[in-house]
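Quick notes on the structure that follows.
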C-alpha cells in the first residue's frame with residue numbers, strides 16, 4: 003500500500019490569496035515571514051488586511067533568514083507560545099514556510115528538541131493548537147504543498163530535512179500574481195529547483211502512478227515556460243508557478259534523491275542558493291544514476307519532446323537540454339565556475355560527502371550511494387568532469 007498526502011485545500015490562480023476568507027471564525031493568526039521583498043511588494047499588507055477583515059487578530063514574526071536556523075525556529079516557537087495563535091500563516095519562499103513548519107512542531111510540542119524530530123516520519127500529531135496555512139511567493143520549493151521542511155544547524159551550517167506528513171499544510175495558497183514580481187535570478191534558481199524536484203521524484207524508489215503523473219506534468223510546465231518566465235513573460239511565470247506545485251506534490255510523496263542530499267549539505271558552506279546548487283548538480287547526478295534508472299530518465303526525455311533513437315541517446319539529450327537551460331539562465335556549469343574556492347572544496351569534500359550519504363533523501367535515490375561515491379559525484383560537480391563510478 004502507498005500513501006498520497008497533499009494539503010486539504012489548494013487555492014490557486016489569480017488573486018488566490020483572497021480565498022483566505024475561509025478562515026473566518028478563527029481568533030488569532032501568527033504570520034511568519036522574513037523578507038523585505040514581501041513587504042515591498044505589499045503581499046504582507048494584503049494578507050494582514052484579509053485576515054483582519056475576517057475578525058482575526060494578527061501578529062507578525064518577520065525574523066526568518068534565507069537559510070532558517072534552528073535558533074530562529076526556537077525563537078519563533080517561543081513567540082507562538084506567548085501569543086497562542088489558532089492559525090499559523092507562512093508567507094514567502096521556501097525559508098519562511100519551512101521555518102514556520104518547524105516552529106509549529108515546537109509550538110505544539112515544547113518538550114521536543116531538534117534532535118527529536120530529525121528522524122523522518124517520527125513527529126507527533128499536530129493541530130491540537132493551530133492549523134497551518136502556507137502561501138508560496140516563489141516558484142520552486144513548493145513547500146506550501148509538501149511534507150518537508152529544511153532547517154540549518156547554527157554550529158555546522160549544514161541543512162537537515164524534516165520529513166513528515168504531519169507538517170503538510172492544511173491550506174495552500176498558490177497565487178500566481180505573487181510570482182510576477184520575482185527578480186530574474188530568483189526565477190532561474192527556483193525554476194531549476196522545481197525541475198530537479200520533478201526529475202528526482204520520477205526516478206525515486208518510492209514513486210507511484212500518482213506521483214509519476216504529477217512529476218511529468220510539472221516538469222513539462224516548468225521546462226517549457228522557464229526561459230520565457232526568466233525573460234519577463236507574465237503568462238509563463240504563472241504557468242511555472244502552477245507547474246512547480248505539481249512537482250512539489252509529486253516529490254512530497256515519492257521523495258527525492260542525491261541531488262538534494264548534496265544540496266542540503268553544500269549550500270550554506272559554498273554560499274550558493276539551494277536552487278542553484280540543484281541546477282549545477284542535476285546533469286551530473288542523472289549521468290551517475292543512469293545505470294539504475296535509464297528507462298525512466300528516457301521517459302522524461304520523451305515527455306519533453308527530446309530526440310534520440312535509443313534510451314541512451316534520449317538520456318544524453320535530457321542531460322544536454324538541462325545543461326543548455328542552465329547556460330541560458332546564467333547558471334554556472336560547475337561549482338568551480340560558480341566561484342567556490344578550491345581550498346574550501348578540498349577541506350570540506352570528505353565531511354560533506356559523508357553527511358550527504360546520511361541524508362534521508364539518499365535512501366530514495368535510484369542508485370545505492372555511499373560516502374565514497376558521493377565524493378566522486380561532488381568532485382565531478384566541482385570540477386565539471388565526468389563521474390567515474
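Residue numbers (this note's numbering): 3 to 391.
We put the CB at the ideal spot given by N, CA and C, even for glycine.
Values in this document were obtained by computation on a predicted structure and should not be read as measured data.
- Take residue 304, set aside five residues on each side of it, and the residues of its chain with a beta-carbon closer than 8 Å to its own are 316, in chain order.
- For residue 63, the enclosing beta strand (DSSP E) stretches over residues 59 to 63.
- The count of Cβ pairs closer than 8 Å, one atom from the region 192 to 200 and one from the region 154 to 161, stays below three, leaving the stretches out of contact.
- Taking 8 Å as the upper bound for CB-CB distance, residue 174 and residue 334 are not in contact here, some 32 Å apart.
- In the structure shown, residue 142 adopts coil according to DSSP, grouped into three states.
- Between the region 227 to 246 and the region 201 to 212, the count of Cβ pairs shorter than 8 Å is below three; the stretches do not touch.
- With a beta-carbon spacing of about 22 Å, residue 68 and residue 149 fall beyond the 8 Å limit used to define contacts.
- Burial is judged here by how many other beta carbons sit within 10 angstroms of a residue's own beta carbon; residue 75 has at least 16 and is buried.
- Beta-bridge partners of residue 151 (DSSP): 164.
- The bridge partners DSSP lists for residue 13 are 175.
- Contact annotation: residue 164 and residue 104 have beta-carbon atoms nearer than 8 Å.
- In the DSSP assignment, residue 265 falls within the unbroken alpha helix (DSSP H) covering 260 to 272.
- Around the CB of residue 246, 16 or more other CB atoms lie within 10 Å, so the residue is classed as buried.
- Going by DSSP, residue 250 is part of the alpha helix (DSSP H) stretching over 236 to 256.
- Three or more Cβ pairs closer than 8 Å define a contact, and the region 42 to 53 falls short of that threshold against the region 261 to 272.
- By the C-beta density criterion, residue 112 is exposed, having fewer than 16 other C-beta atoms within 10 angstroms.
- Membership of residue 84 in the alpha helix (DSSP H) is indicated by the continuous run 72 to 85.
- Remark: C-beta atoms of residue 299 and residue 331 do not approach each other more closely than 8 Å.
- Per DSSP, the beta-bridge partners of residue 33 are 62, 91.
- The three-state reading of DSSP puts residue 136 in strand, counting E and B together.
- Closest in alpha carbon position to residue 252, among 17, 14, 143, 64, is 143.
- A straight line joining the alpha-carbon of residue 337 with that of residue 91 spans about 36 Å.
- Distance from the Cα of residue 380 is smallest, within the candidate group 285, 293, 325, for 285.
- For residue 376, the enclosing alpha helix (DSSP H) has its first and last residue at 373 to 385.
- The C-alpha of residue 72 lies about 12 Å from the C-alpha of residue 120.
- A distance below 8 Å separates the beta carbons of residue 376 and residue 260.
- Residue environment for residue 372: exposed (fewer than 16 other C-beta atoms within 10 angstroms of its C-beta).
- C-alpha of residue 132 to C-alpha of residue 307: approximately 45 Å in a straight line.
- Per the C-alpha coordinates, the member of 189, 344, 248, 77 positioned closest to residue 7 is 248.
- When the five nearest sequence neighbours on each side are left out, the beta carbons in the same chain lying within less than 7 Å of the beta carbon of residue 274 are those of 340, in order along the chain.
- In summary, residue 228 is buried, with 16 or more beta-carbon neighbours lying within 10 Å of its beta-carbon over all protein chains present.
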